[in-house]
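Under this note's numbering, the sequence shown has 13 at position 13, and the numbering climbs by one with no breaks. Structure record follows, encoded as structure tokens.
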Amino acid sequence: MMSAHPKPLPQLNSDAEAEDFVEMTDLSEYDLSRFTPMHFEIEPKAVS
1 MMSAHPKPLP QLNSDAEAED FVEMTDLSEY DLSRFTPMHF EIEPKAVS
């Protein structure tokens, strides 16, 4: 349930910390309003 005053996200200093946080936390308690969509290129582009 979304809180009237969502918590700020904590500073996460490694990928492992971020993975643990996402896995063990109810993200609906946090303010995610500043997130922006990102696109990742999984395969490298061919060199021309």
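Positions of the beta carbon are idealized from the N, C-alpha and C atoms, including for glycine. These figures come from a predicted structure and were not determined experimentally.
For my contact list, K7 and E23 are in at a C-beta cut-off of 8 Å; report their separation, rounded to the angstrom.
About 17 Å separates the two Cβ atoms, so there is no contact after all.
Distance, L9 Cα to A18 Cα
The alpha-carbon atoms of A18 and L9 are separated by roughly 11 Å.
For A16, is the beta carbon positioned less than 8 Å from some heavy atom of the ligand COA?
Because no ligand of any kind appears in the structure shown, any question about the ligand COA cannot be addressed here.
Cβ separation of F21 and L32, assumed to be a contact under 8 Å, to the nearest whole Å
Contact between F21 and L32 is ruled out by a C-beta separation of about 13 Å, above the 8 Å threshold.
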